[in-house]
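These notes are about the structure you will find just below.
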Amino acid sequence: MLTTIILSLVMMAGLFLLLYAGVGLVQDKKFFSSAPKEVQEAVMPRDERFPGAHALGWVLAVTAILMMAGAVICGGWDGIRNSFDFRQYFFRFLIMFWSLKAYDILFFDYVLLCRSGFFPHFYPEVRPMLGPHLFGYNRNTHLCHILASPVLAAVLAWICMHL
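Residue 202 in the working numbering is what sits at position 145 of the sequence shown, and the numbering runs on without skipping anything.
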């Protein structure tokens, strides 16, 4: 269980690094595709914060994706080493995905989007649009991810069982 918790924390760190890379360094509107429509429309194009910021942002974004994928791979590999059965794999992956989704909802949406100055720090023009009223604006997307997680966990468990 401790391994599952650690791997979940690695995935959370990867997700935050991906957000920071996209919002703070790359500063491309593509990274706002999940933001509320009014925020997407208000975001203005930016010059690099410092020379090489965009390149650093892309390196961090790729690193973040590799961290999250690596956590899943390490979870599978650890299960192989410890002779996990399907149920053990399934619950490990499900805990990892649901923990990541809870982190997304509670930290990204509630804290960063609705309560902090994270986004306005990089994009001051969005400050008037942000606030507690935005919490839950993307609940259908979250619900789809929550419902898809058991399917993905089962597929990964099946793959690990056959390695």
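All residues carry an ideal CB built from backbone N, CA and C; glycine is no exception. Remember, predicted model here, so these are calculated numbers, not experimental data.
What did DSSP end up calling residue i once you bin it into helix, strand or coil?
| i | result |
| --- | --- |
| E105 | coil |
| A127 | The amino acid occupying residue 127 in the given sequence is Gly; Ala does not appear at that position. Helix, per DSSP. |
| V100 | coil |
| R172 | coil |
| A92 | coil |
| D135 | helix |
| D85 | coil |
| Y180 | coil |
Where does the unbroken alpha helix (DSSP H) through residue i begin, and where does it stop?
| i | result |
| --- | --- |
| L76 | L59 to Y77 |
| M218 | R196 to M218 |
| I152 | F143 to Y160 |
| D190 | For clarity, residue 190 is His in the given sequence; the question names Asp instead. Where H190 is concerned, there is no enclosing alpha helix (DSSP H), given that its DSSP letter is neither H nor E. |
List the whole-angstrom C-beta distance separating residue i from residue j, where the pair is believed to meet the contact cut-off of C-beta under 8 Å.
| i | j | result |
| --- | --- | --- |
| V96 | F89 | 7 Å |
| A118 | A78 | 4 Å |
| Y194 | P93 | 5 Å |
query = Counting pairs of Cβ atoms below 8 Å between the stretch 170-190 and the stretch 212-219, do you hit three or more?
reply = In short, these stretches do not touch, since the Cβ pair count stays below three.
inquiry  = Under 8 Å: do the stretch 200-211 and the stretch 154-164 share three or more Cβ pairs, one atom per stretch?
reply    = yes
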